[in-house]
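Visitor: Dropping a structure here in structure tokens format, bear with me for questions.
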Amino acid sequence: MYTRVGVKGVDSLLDDKGIPGGHTVLVLGAPGSGKTTFGLQYLVAGAKAGENGVYVSLDEDPDRLLESAESLGLGVKQQVAAKKIAVVDASPIRLLPAKVKLGSTEIGRKEFAVATLIASITDAIKKVGAQRVVIDPISTLVVHYSDDYERRIALLDLMAATVKSRCTTLLVAEMSDPSLQRRYQFEEFIVDGVLVLTRVLSGQNFTRVFSVEKMRGIDNDSQPHPYRISEGGIEVFPTEQLF
Ligand SMILES: Nc1ncnc2c1ncn2[C@@H]1O[C@H](COP(=O)(O)OP(=O)(O)OP(=O)(O)O)[C@@H](O)[C@H]1O
Ligand SMILES: [Mg+2]
Numbered sequence: 020m021y022t023r024v025g026v027k028g029v030d031s032l033l034d035d036k037g038i039p040g041g042h043t044v045l046v047l048g049a050p051g052s053g054k055t056t057f058g059l060q061y062l063v064a065g066a067k068a069g070e071n072g073v074y075v076s077l078d079e080d081p082d083r084l085l086e087s088a089e090s091l092g093l094g095v096k097q098q099v100a101a102k103k104i105a106v107v108d109a110s111p112i113r114l115l116p117a118k119v120k121l122g123s124t125e126i127g128r129k130e131f132a133v134a135t136l137i138a139s140i141t142d143a144i145k146k147v148g149a150q151r152v153v154i155d156p157i158s159t160l161v162v163h164y165s166d167d168y169e170r171r172i173a174l175l176d177l178m179a180a181t182v183k184s185r186c187t188t189l190l191v192a193e194m195s196d197p198s199l200q201r202r203y204q205f206e207e208f209i210v211d212g213v214l215v216l217t218r219v220l221s222g223q224n225f226t227r228v229f230s231v232e233k234m235r236g237i238d239n240d241s242q243p244h245p246y247r248i249s250e251g252g253i254e255v256f257p258t259e260q261l262f
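So, in structure tokens, the structure goes:
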């Protein structure tokens, strides 16, 4: 079983199949590259195909986010109203104090953040019977961990929760180096797939570029292809080459 991404041009780069069901895929992108738009389009496409979704916002206020999605005409609000997409506002996690009292014991902010997040995601998945999840961005969560090992564990815990619910999940992450010849980020090794949204200088102009860096279980096209953001959201041009 495959989960169609539903963003124009993307599934054809995934052997015309999509993402293998239950996989966790990183959407890695530069600032303003359209990561949130991509995630919302994925959920709307699902809702229209009878696969409900959960959107977890870690940075932005969900109301503002839905407003800007509306200005692009993504049609998210309509699906939220129809209870096909549930929105979880996890943005208060940023504001947690260093220590949190849980009954009579005190635990650290980061442990609390992951545990609370997992609980609210699992709840939301049950509520709408979700098969798709988007967590945007995980960067806000992992930034609490200075230790590499702890960071991996936190991410693996989060992934285990959505995998257990049999959801196909997109984890949005900020790209620390937006060039095409960049160093890999730790998240890329853990997940099943990586989609990259960035931009390159071609001549005097920046061109937005999309690539499928990896997708376990799929014979994917891994070449960079141009994409555009306009009314209706993101469109990738799978037959256009960059160089
Ligand atoms: N109506 C529109 N028409 C064309 N492009 C738009 C429109 N609205 C937004 N954009 C583009 O979409 C980008 C924002 O998309 P989005 O919020 O999905 O990006 P992001 O990668 O999630 O950003 P951030 O790094 O801030 O989280 C803007 O930088 C802008 O270039
Ligand atoms: Mg965003």
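The working numbering numbers the first residue of the sequence shown as 20 and each following residue consecutively.
All C-beta atoms, glycine included, are put in the ideal place defined by N, C-alpha and C.
Because the structure is a prediction, the values reported are computed rather than measured.
On the CB-based measure, 16 or more other CB atoms within 10 Å of its CB, does Ser76 come out buried or exposed?
Guide: Taking the sequence shown and counting its residues from 1, the one referred to as residue 76 is at position 57. Buried.
Visitor: Who are the Cβ neighbours of Phe225 in its own chain at under 6 Å, not counting the five residues just before and after it?
Guide: For the purposes of this step, residue 225 is taken as residue 206 along the sequence shown, with counting starting at 1. Arg218, listed in sequence order.
Visitor: For ligand 1, I want to know if Pro50 counts as a neighbour, meaning its beta carbon is within less than 7 Å of at least one of the ligand's heavy atoms.
Guide: Mapped onto the sequence shown, residue 50 falls at position 31. The answer is yes for Pro50.
Visitor: Using C-beta distances below 7 Å, list every residue in its chain close to Asp108, excluding the 5 sequence neighbours before and after it, in chain order.
Guide: Within the sequence shown, the letter at position 89 stands for residue 108. The answer, listed in chain order, is Ser76, Pro81.
Visitor: By DSSP, does Pro156 sit in helix, in strand, or in coil?
Guide: Start at 1 with the first residue of the sequence shown, and residue 156 comes out as number 137. Residue state, collapsed to three classes: coil.
Visitor: Please specify which runs of the beta strand (DSSP E), each continuous and at least 3 residues long, are wholly inside the segment 216-258, giving them in chain order.
Guide: 224-234, 244-249, 252-255
Visitor: What are the start and end residues of each continuous beta strand (DSSP E) run of 3 or more residues lying completely inside the segment 59-127, in chain order?
Guide: 72-76, 104-108, 118-121, 124-127
Visitor: Measuring only the C-alpha atoms, how far is Ala180 from Ile248?
Guide: By one-based count along the sequence shown, residue 180 stands at place 161. By one-based count along the sequence shown, residue 248 stands at place 229. The straight-line gap from Cα to Cα measures roughly 32 Å.
Visitor: Taking one C-beta from the segment 64-79 and one from the segment 95-112 each time, how about it: are there three or more such pairs within less than 8 Å?
Guide: yes
Visitor: Taking 7 Å as the line, does the beta carbon of Leu45 fall inside it for any heavy atom of ligand 1?
Guide: Taking the first residue of the sequence shown as position 1, residue 45 is located at position 26. No, since every heavy atom of ligand 1 falls outside the 7 Å radius drawn around the Cβ of Leu45.
Visitor: Would you call Glu250 buried or exposed, if buried means 16 or more other Cβ atoms sit within 10 Å of its Cβ?
Guide: If you number the sequence shown from 1, residue 250 lands on position 231. Within a 10 Å sphere around the beta-carbon of Glu250 sit fewer than 16 other beta-carbons, which makes this residue exposed.
Visitor: Please determine, among Val44, Arg83, Lys27, the residue with the shortest C-alpha to C-alpha distance to Ile157.
Guide: Working through the sequence shown from its first residue, we reach residue 157 at position 138. For Ile157, the nearest C-alpha among the options comes from Val44.
Visitor: Thinking C-beta only, is Val46 closer than 8 Å to Lys36?
Guide: Here residue 36 refers to the residue found at position 17 when the sequence shown is read from its first residue. Here residue 46 refers to the residue found at position 27 when the sequence shown is read from its first residue. Cβ atoms of Lys36 and Val46: not closer than 8 Å.
Visitor: Between the alpha carbons of Ile38 and Ala173, how many angstroms are there, rounded?
Guide: Indexing the sequence shown from 1 puts residue 38 at position 19. Indexing the sequence shown from 1 puts residue 173 at position 154. Going from the Cα of Ile38 to the Cα of Ala173 covers about 23 Å.
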